[in-house]
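Asks:
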Amino acid sequence: MVIVGGGPTGVELAGAFSEIKRNVLPKDYHRIDFSKLKIILVEGSPHTLNSMSDIAKDASEKYLQKLGVKVMVDTIVKNYDGETLMLGNGEKIKTKTVIWAAGVTANTIEGIPQTSVTHANRLIVDRINKLSGFDNIFAIGDMAFMETPKYPKGHPQLANVAINQARNLAKNLKNIQQGKELVDYEYIDLGSMATLARNKAIVDLPFLSFKGFFAWVIWMFLHLMLILSVRNKLIIFINWAWGYVFKDTALRLILKDNK
């Protein structure tokens, strides 16, 4: 199993699959030797969690190695034909399972001139998310490329960026209708988090970075608070507690005997 991309999504997937391999699958499928299941994480930059702090970079690689994940940094993917993954260094990996977690490329839209498009097909927008060269087209989120003094290479492709751009644009659309002054968008980075496994997480705040069990608790608490309704929060908390204590999941696959 190869995961391409060592950002938060990639390292969280690698850590989760490693725990499933060790704690869940062997109990369910006794006839399968899961020691032969290899989990490989491929990252093009020099470190996993390369956009986070040095503490996060160092801790994520050590955590993944302890979990049995093979980490390949400074390695790019050239091609994949469904059976063989070809790397930039000439190495080939035989695998039928590749998970892409190395970012997204926007779809091209007919009628948008190439002068309004930049790398990864992202659309060039101004500070109110208006498309370059147009007065009535707006783009937000992953497909919008907005240069600001703080982010000269565009904003990170995160949900928080898209949500706040949407809120700011909604206000500005009202301001346009009402003839009021428009408000430029500015992303305020409140921090980043990644959880790799039980008791293993990393939290980067603007003023502090830390790792380990306390970071894992903070990650759990914040994600629980973002879930809507008290009922949903309670159900998910019970499921998490059950999974933590018993290292088990309610999800099952039924495999037929090989004749």
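Per my numbering, residue 789 is the first one in the sequence shown, and the count goes up by one each step. Using N, Cα and C, we set each Cβ at its ideal position, and we do this for glycine too.
Could you check whether Val859 and Leu825 sit closer than 7 Å to each other, using their CB atoms as the reference points?
Replies: Cβ atoms of Leu825 and Val859: not closer than 7 Å.
Asks: If we call anything under 7 Å between Cβ atoms a contact, is Ala932 one with Val913?
Replies: Yes, the Cβ-Cβ distance between Ala932 and Val913 is below 7 Å.
Asks: What is the DSSP secondary structure of Leu1012, counted as helix, strand or coil?
Replies: DSSP places Leu1012 in helix when its eight states are reduced to three.
Asks: Taking the alpha helix (DSSP H) that Lys815 belongs to, which residues open and close that run?
Replies: That run of the alpha helix (DSSP H) goes Leu813 to Asp816.
Asks: Considering only DSSP beta bridges, list what Ser980 is partnered with.
Replies: Answer is Asp992.
Asks: On the three-state DSSP scale, how would you describe Phe1025?
Replies: Phe1025 falls in the helix class under three-state DSSP.
Asks: Determine the contact status of Thr885 and Met789, defining contact as a CB-CB distance below 7 Å.
Replies: Yes.
Asks: Quick check on this structure: which residue in Tyr975, Gly967, Ala927 and Ala958 has the alpha carbon closest to the alpha carbon of His943?
Replies: Checking every option, the nearest Cα to that of His943 belongs to Tyr975.
Asks: Assuming Tyr973 and Arg915 are in contact, meaning their beta carbons sit under 8 Å apart, how far apart are those beta carbons, in whole angstroms?
Replies: About 6 Å separates the two Cβ atoms, so the contact holds.
Asks: Cβ of Asn877 less than 7 Å from any chain C Cβ?
Replies: As a matter of chain content, chain C is missing from the structure shown, which is built from one protein chain.
Asks: From Ala890 to Ile1026, what distance separates their C-alpha atoms?
Replies: Approximately 32 Å, taken between the alpha carbons.
Asks: Here's the rule: buried if 16 or more other CB atoms are within 10 angstroms of the residue's CB, otherwise exposed. What is Asp1040?
Replies: It should be pointed out that residue 1040 corresponds to Arg in this sequence rather than to Asp. Exposed, because fewer than 16 other Cβ atoms sit within 10 Å of the Cβ of Arg1040.
Asks: Return yes when the Cβ of Ile887 is within less than 7 Å of the Cβ of Ile791, no when it is not.
Replies: Yes; because the gap between Cβ atoms is below 7 Å, this pair is in contact.
Asks: For Asn1020, does the three-state DSSP call read helix, strand or coil?
Replies: Three-state DSSP puts Asn1020 in a helix.
Asks: When you compare each of Ile864, Glu871 and Ile897 to Ala927 by their alpha carbons, which one comes out closest?
Replies: Here the closest residue by C-alpha is Ile897.
Asks: Of the choices Pro814, Asn909, Gly803 and Thr863, whose alpha-carbon is the least far from that of Glu879?
Replies: When only C-alpha atoms are compared, the closest one is Thr863.
Asks: Taking the alpha helix (DSSP H) that Leu801 belongs to, which residues open and close that run?
Replies: Per DSSP, Leu801 belongs to the alpha helix (DSSP H) from Pro796 to Glu807.
Asks: Would you check if the distance between the CB atom of Ala802 and the CB atom of Val892 is smaller than 7 Å?
Replies: Going by C-beta atoms, Ala802 is not nearer than 7 Å to Val892.
Asks: If I follow the unbroken alpha helix (DSSP H) through Val949, where does it start and stop?
Replies: Element bounds for Val949: Ala947 to Gln966.
Asks: Rounding to the nearest angstrom, what Cα-Cα distance links His835 and Leu1014 in this structure?
Replies: Rounded to whole angstroms, His835 to Leu1014 spans 29 Å at the Cα level.
Asks: If you reduce the DSSP assignment to three classes, tell me which class Tyr868 lands in.
Replies: Looking at Tyr868 - three-state DSSP - the assignment turns out to be strand.
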